[in-house]
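Let me begin by presenting the structure, written as structure tokens, before commenting on it.
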Amino acid sequence: MLGCWRVTPCLSSEYTSGFCCRANNLQTHVNGVENKKKKKVVVVGSGWAGLGAAHHLCKQGFEVTVLEGGNDPESRKMLIPDDVGIHGFWYPYRNIFSLVDELDIKPFTNWTSSAHYSGEGLEVEFPIFQDLTQLPTPLGTLFYTQFVRLPLLDRLSSLPLMAAVVDFDNTDTAWRKYDSITARELFRQFGFSQRLYQDVFDPLLQVGLFAPAEQCSAAATLGILYYIVLAHQKDFDFVWCRGTVRDKIFKPWMDYMRANGCEFLESRRVTDFLFNEETGCISEVVCGREKYTADAVVLAVGISTLQDIIKNRHSLSFLQIPFPFIPDADWKSVL
Numbered sequence: 027m028l029g030c031w032r033v034t035p036c037l038s039s040e041y042t043s044g045f046c047c048r049a050n051n052l053q054t055h056v057n058g059v060e061n062k063k064k065k066k067v068v069v070v071g072s073g074w075a076g077l078g079a080a081h082h083l084c085k086q087g088f089e090v091t092v093l094e095g096g097n098d099p100e101s102r103k104m105l106i107p108d109d110v111g112i113h114g115f116w117y118p119y120r121n122i123f124s125l126v127d128e129l130d131i132k133p134f135t136n137w138t139s140s141a142h143y144s145g146e147g148l149e150v151e152f153p154i155f156q157d158l159t160q161l162p163t164p165l166g167t168l169f170y171t172q173f174v175r176l177p178l179l180d181r182l183s184s185l186p187l188m189a190a191v192v193d194f195d196n197t198d199t200a201w202r203k204y205d206s207i208t209a210r211e212l213f214r215q216f217g218f219s220q221r222l223y224q225d226v227f228d229p230l231l232q233v234g235l236f237a238p239a240e241q242c243s244a245a246a247t248l249g250i251l252y253y254i255v256l257a258h259q260k261d262f263d264f265v266w267c268r269g270t271v272r273d274k275i276f277k278p279w280m281d282y283m284r285a286n287g288c289e290f291l292e293s294r295r296v297t298d299f300l301f302n303e304e305t306g307c308i309s310e311v312v313c314g315r316e317k318y319t320a321d322a323v324v325l326a327v328g329i330s331t332l333q334d335i336i337k338n339r340h341s342l343s344f345l346q347i348p349f350p351f352i353p354d355a356d357w358k359s360v361l
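Rendered as structure tokens:
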């Protein structure tokens, strides 16, 4: 999660509660001459969210320090995994493609076709959709996708579920309606055949939500299906990273930012924050015995990590979660 933190609320009408942090340049006058001093921003975490924030802050002229978890097992789990997210990058990830162009690196393969296998063999083949004639959504996706072994009757058993896919509009009401049941229960309610579930949808959820249908929220499942069914056909095209995301993208990205003044500090696990009593803003980030002054702080860590920091640190005991975050699922949007 990515969040900017300040004790004094300063929110748009979009939010009902929360905290944020501003970091405009300080202006001082020496002998009548205006002198601009860069604001210092500390970014906690060096995943997609942390590096995305640091990248834009550096380009805007801020003095940026990124605190990495390093090799400490506990902080490594919190802040800096060996590899980050999936290796496939879909057509809509234009921000990622713009980033690698800016870095002048070539981490990806060409656009590629793909296939899905079950224990019985090849089940589904997906072409490179942008090479084919575009059909109205969702006809292109349904027409060009080749089901090798799945009988027509099994495929037709998925049609009743389309009513739920259309009904799920990603609002709070929709989430309350569907989040209380599992994906497996959803499929049963709408009459999925056992073969369709076993050979296609259960593996699909294993890839998309990293869990079997019995452990997945029906609401989260419908969110994925909405994209799969209603997205434009070329949105399914993807490229692969030629190695680990960390080696092929993150390392050259960090080198690029270092050359533009960004500082990366390894093995820095955040243990507390100090606040300016006058402004109510974070003034220092504490990592064990070390302290780092900051005019603003970006917390690019997961919500569970943030909750752990808050509940175990005396200086943060007065804070209440939630406040504005960029969800983990939207890591692409931070760039």
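Counting from 1, position 319 in the sequence shown corresponds to residue 345 in our numbering; the numbering is continuous, with no gaps.
We treat Cβ as the ideally placed atom computed from N, Cα and C, and that holds for glycine.
Because the structure is a prediction, the values reported are computed rather than measured.
Spatial neighbours of P118 in its own chain (CB-CB distance under 7 Å, excluding positions within 5 residues in sequence) are listed in chain order as D261.
The DSSP-derived three-state label of E89 is strand. Taking a cut-off of 8 Å on C-beta distances, the region 72-84 touches the region 317-336, as three or more cross pairs fall below it. Between S184 and Q172, the alpha-carbon positions lie close to 16 Å from each other. Leaving aside the five residues that flank Q156 on each side, the residues in its chain whose CB is nearer than 6 Å to its CB run, in chain order, K260, D263.
For A190, the number of other beta carbons within 10 angstroms of its own is at least 16, and it is reported as buried. The DSSP assignment places 140-144, 147-152 as complete runs of the beta strand (DSSP E) inside the region 130-170, in order along the chain (cut-off: 3 residues).
Each of H113, M283, E89, R315 was checked against the Cα of T135, and the nearest Cα belongs to H113. Annotated three-state conformation of A322 is strand, per DSSP. In the three-state DSSP reduction, G249 falls in the helix class (H, G or I). As a beta-bridge residue in DSSP terms, F290 pairs with V92. Residue burial is scored here from C-beta neighbours: L248 has at least 16 other C-beta atoms within 10 angstroms and is therefore classed as buried. Residues A80, H81, C84 of the same chain have their beta carbon placed closer than 7 Å to that of M283, with the five preceding and five following residues left out of the count.
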